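Novice: Just add 3 to the spot in the sequence shown (first one is 1) and you have my numbering.
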Amino acid sequence: MSKIPFAMIFDMDGTLFQTETVLIPALHKTFERLRRAGEWQGGTPVEEYLRILGVPIPEVWRQLMPEADEAVRARAAAWFLDDIIAEIEQGNGRLYQDVLATLASLADQGIPLFVASNGRSRYLAAIWTAFQLERYFIDCYSLDRFSLPAKSALVKQLLNDYKLESAVMVGDRGSDIQAAKENGLWSIGCLFGFASAEELRGADVIIQQFSEIGPALREIEKRAGRD
Numbered sequence: 004m005s006k007i008p009f010a011m012i013f014d015m016d017g018t019l020f021q022t023e024t025v026l027i028p029a030l031h032k033t034f035e036r037l038r039r040a041g042e043w044q045g046g047t048p049v050e051e052y053l054r055i056l057g058v059p060i061p062e063v064w065r066q067l068m069p070e071a072d073e074a075v076r077a078r079a080a081a082w083f084l085d086d087i088i089a090e091i092e093q094g095n096g097r098l099y100q101d102v103l104a105t106l107a108s109l110a111d112q113g114i115p116l117f118v119a120s121n122g123r124s125r126y127l128a129a130i131w132t133a134f135q136l137e138r139y140f141i142d143c144y145s146l147d148r149f150s151l152p153a154k155s156a157l158v159k160q161l162l163n164d165y166k167l168e169s170a171v172m173v174g175d176r177g178s179d180i181q182a183a184k185e186n187g188l189w190s191i192g193c194l195f196g197f198a199s200a201e202e203l204r205g206a207d208v209i210i211q212q213f214s215e216i217g218p219a220l221r222e223i224e225k226r227a228g229r230d
């Protein structure tokens, strides 16, 4: 495989995909299952989930159900995956505004595009199929696909596999910005996702909406001396 001089790597949740459009109804269904099984009392922890969205899946369920044993957490995670995929397959999910048009523009410019996500492979595949993202992206990397512990390691794997010489990481969480820094990449922080401005303060450029990707990329190229 020949080297790729430049590419863009996108997070999925809170960057391309409006996760809350399927997450909240799926989360309610999962916790209703848990209540019926006698494994949860009280309401559905929606706000807590939105606060930690983007961290690796095992850590999500440790934080949501700190008193539960691992078997219960594993069962909850499996139910939630089924419920959220069902929501996507029923057509209830949404991409952020201007995502498809912006991706088409980037692809037309010949920029290789990739996804690197903490989400499960089955979940990502459901989004991929629902929105025909293969039209724009070369590949989609997930932690469980490679049994990796964190986003930084996942991005490193992608860089090595595809021989990317340089890239811009686009994401909405601190882990995306950290992955960029630890791999020597530029970063674009998405303030329309789930993070606060404080969490994204280390990003090279911050955008308020997805359609600002183009100007942000030109700003990075200027700073890098490639204009």
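For each residue, glycine too, the CB sits at the ideal point set by N, CA and C.
These numbers come from a predicted model, not from an experiment.
I'd like to confirm something about F34: is its beta-carbon nearer than 7 Å to some heavy atom of the ligand ATP, or not?
Specialist: Because no ligand of any kind appears in the structure shown, any question about the ligand ATP cannot be addressed here.
Novice: Taking just the CA atoms, how far does R39 sit from S214?
Specialist: So the two alpha carbons sit approximately 44 Å from each other.
Novice: Report the rounded CA-to-CA distance for A119 versus G57, giving the unit in angstroms.
Specialist: Rounded to whole angstroms, A119 to G57 spans 11 Å at the Cα level.
Novice: Once the 5 residues before and after V158 are set aside, which same chain residues still bring their CB inside 6 Å of it?
Specialist: A119, A182, N186.
Novice: Quick check on the DSSP output: the alpha helix (DSSP H) that includes F83 runs from which residue to which?
Specialist: F83 -> alpha helix (DSSP H) spans 73-92.
Novice: Provide the residue span of the alpha helix (DSSP H) that contains L67, from first to last.
Specialist: Element bounds for L67: 60-67.
Novice: Three-state secondary structure (DSSP) at A10?
Specialist: Strand.
Novice: So, at 7 Å on beta carbons, what are the nonlocal neighbours of L220 in its own chain, with the 5 sequence-adjacent residues on each side left out?
Specialist: Excluding positions up to five away in sequence, the list reads V171.
Novice: Determine the closest residue to E62 out of G205, R226, A153, with distance taken between C-alpha atoms.
Specialist: Selected option, being the one with the closest Cα: A153.
Novice: My understanding is that Y165 touches M11, with C-beta atoms under 8 Å, so please give their C-beta distance in whole angstroms.
Specialist: Their Cβ separation, rounded to whole angstroms, is 12 Å, which puts Y165 and M11 out of contact at 8 Å.
Novice: To which residues does DSSP link I210 through a beta bridge?
Specialist: C193.
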